[in-house]
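Below is one structure, written out as structure tokens, with a few remarks after it.
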Amino acid sequence: ELRLREAGVSTLLEQLAAGLTDLAVVTLPVDDPDLAVVTLFSEELVLAVAVHHPLVASASVALATLASEPFVLSPPNYELRDATTDACRRAGFSPRVVLDGGEMDTLLRLVAAGLGVAIMPRLALVGQPDVVAVPISDQQLSRSLAIVWRADRVASPAARALREFLEKTLKK
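Counting from 1 along the sequence shown, just add 146 to a position and that's the residue number in our numbering.
In structure tokens:
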């Protein structure tokens with residue numbers, strides 16, 4: 147049996163430690179000596195805007211120019227939220243959050259509806275006709291994804307098969 151769940155890294159790591167999850171796909175870094183970690187790939191973070199947003203015409207955008215833009219953010223304790231707020235602070239402002247708490251799919255729908263902008267992985271925007279990726283010019287934002295599992299536990303056949311599949315298809 148294979149069940150997929152979406153959660154923040156801290157929640158996923160807690161579930162691994164408690165034996166509730168066989169493996170997780172998380173953003174790095176992960177600093178736990180009890181976990182086996184296989185890095186899959188790194189991906190660029192971009193500004194996601196609605197297809198009708200004025201920034202669509204821009205080749206790129208400096209974060210400091212977004213100080214007055216409404217932002218939609220992932221839930222607290224999600225690494226993408228932390229990456230967004232940290233990047234905005236480095237640019238000299240705190241994001242004006244109009245909505246928060248949504249998973250990636252929800253954030254994409256909110257951006258597509260024009261309710262705000264979001265910093266998101268470029269790959270999340272693939273196949274999203276109503277959302278456009280605008281590169282961020284003044285900061286190199288990215289994240290690295292990895293598979294993690296308890297090194298001292300025997301994984302289920304389904305978890306092993308998923309891990310092998312992810313390594314074979316995504317590892318760069």
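Built from N, CA and C at the ideal position, the CB exists for glycine as well.
According to DSSP, residue i sits in a beta bridge with which residue or residues?
i, result
"residue 312", "Answer is none; residue 312 lacks a bridge partner."
"residue 291", "173, 187"
"residue 219", "246"
"residue 267", "191"
"residue 277", "196"
"residue 296", "181"
Taking residue i as the reference, which of the options has the closest Cα?
i, options, result
"residue 213", "277, 237, 291, 289", "237"
"residue 228", "210, 262, 155", "155"
"residue 318", "288, 278, 185", "185"
"residue 278", "235, 289, 264, 188", "264"
"residue 297", "181, 160, 172", "181"
"residue 269", "199, 260, 245, 291", "291"
"residue 165", "313, 300, 312", "300"
"residue 183", "260, 162, 276", "162"
"residue 221", "211, 245, 201, 233", "245"
"residue 276", "192, 260, 230, 266", "260"
"residue 199", "191, 188, 152, 258", "258"
"residue 289", "273, 147, 191, 151", "191"
"residue 196", "312, 311, 315, 274", "274"
"residue 233", "187, 223, 271, 287", "287"
"residue 149", "239, 240, 271, 302", "302"
Between residue i and residue j, which are expected to be in contact by the criterion C-beta below 8 Å, what is the C-beta distance as a whole number of angstroms?
i, j, result
"residue 159", "residue 293", "The Cβ separation is near 13 Å, so there is no contact."
"residue 216", "residue 242", "6 Å"
"residue 226", "residue 285", "Actually they are not in contact, since the Cβ atoms of residue 226 and residue 285 sit about 15 Å apart, beyond 8 Å."
"residue 254", "residue 262", "Not really, about 11 Å apart at Cβ, beyond 8 Å."
"residue 219", "residue 282", "Residue 219 to residue 282, Cβ: 16 Å. No contact."
"residue 267", "residue 147", "About 29 Å; that fails the 8 Å criterion."
Review point. At what residue ranges does the segment 147-217 contain a whole run of the beta strand (DSSP E), taking only runs of 3 or more?
Key: Those beta strand (DSSP E) runs which fall completely within the segment 147-217 and span 3+ residues are 169-173, 181-196.
Point to revise | Three CB pairs or more closer than 8 Å across the segment 172-186 and the segment 243-252 | key: Counting Cβ pairs under 8 Å, fewer than three are found: no touch.
Review point. Between the segment 301-312 and the segment 196-207, do three or more beta carbon pairs fall short of 8 Å?
Key: Judged by Cβ distances under 8 Å, the segment 301-312 makes no contact with the segment 196-207, as fewer than three pairs qualify.
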